[in-house]
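What follows is one structure encoded as structure tokens, with my remarks underneath.
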Amino acid sequence: MGMCDTSPLADDVWSLMDSQIALDLAKVLALSEKGGAGYMAGKGLAKPVLVVRGQDNNLYAYENACPHGGRKIDPMQGEAKLRCCSVNHSTFDYNGKVLSGPAQHKHELRRLLTSQADGKLLISV
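What the sequence shown shows, in the numbering used here, is residues 65 to 189, in sequence order.
Laid out in structure tokens, this is it:
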């Protein structure tokens with residue numbers, strides 16, 4: 065199987081309340097640079113959530129599961145793409161659309177709505 069490079073975020077940098085994650089951006093150095101990423105799991109989340117600082121410097125959040133097999137997702141360093149951590153490496157654009165690999169075009173990566181307020185990234189789950 066393939067391997068993922070993205071690390072989990074510490075429990076003290078995020079919280080979940082009323083179906084919304086509040087992520088304290090000042091405490092997450094991994095998201096300060098393009099291509100940086102981290103994921104959150106547990107604490108009541110139904111599915112892990114991946115957060116990525118894109119090559120366009122915007123922050124994106126996704127359900128951290130490939131629609132083809134459920135493997136975790138990683139950003140592709142230096143590219144505006146995400147990849148599945150399986151051997152076959154399906155790839156996706158930042159909107160979650162399939163670019164290549166075994167994930168069919170009808171199986172997009174689920175992108176989550178985000179906003180920012182008071183130094184926090186707010187993610188609807």
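In this text, a Cβ means the ideal position worked out from N, Cα and C, and glycines have one as well.
Per DSSP, what are the beta-bridge partners of residue i in this structure?
{"i": "P139", "result": "L146"}
{"i": "V115", "result": "G102, A125"}
{"i": "P72", "result": "Y103"}
{"i": "S179", "result": "L186"}
{"i": "V92", "result": "Note: V92 sits in no beta bridge, so no partner."}
Just reading off the beta strand (DSSP E) that residue i is part of, what are its end residues?
{"i": "Q168", "result": "Looking at the DSSP string, Q168 is not in any beta strand (DSSP E), and its letter there is neither H nor E."}
{"i": "D88", "result": "84 to 88"}
Any idea if residue i is buried or exposed, counting beta-carbon neighbours within 10 angstroms, 16 or more meaning buried?
{"i": "M104", "result": "buried"}
{"i": "S150", "result": "buried"}
{"i": "E97", "result": "exposed"}
{"i": "G142", "result": "exposed"}
Between the Cα of residue i and the Cα atoms of the options, which residue gives the shortest distance?
{"i": "P139", "options": "L95, I187, D82", "result": "L95"}
{"i": "G108", "options": "Q84, E143, E172, V162", "result": "Q84"}
{"i": "N159", "options": "D75, G102, Y126", "result": "Y126"}
Please decide whether residue i counts as near chain D, where near means a Cβ-Cβ distance under 8 Å.
{"i": "N128", "result": "The chain labelled as chain D is not found in the depicted structure, where only one protein chain is given."}
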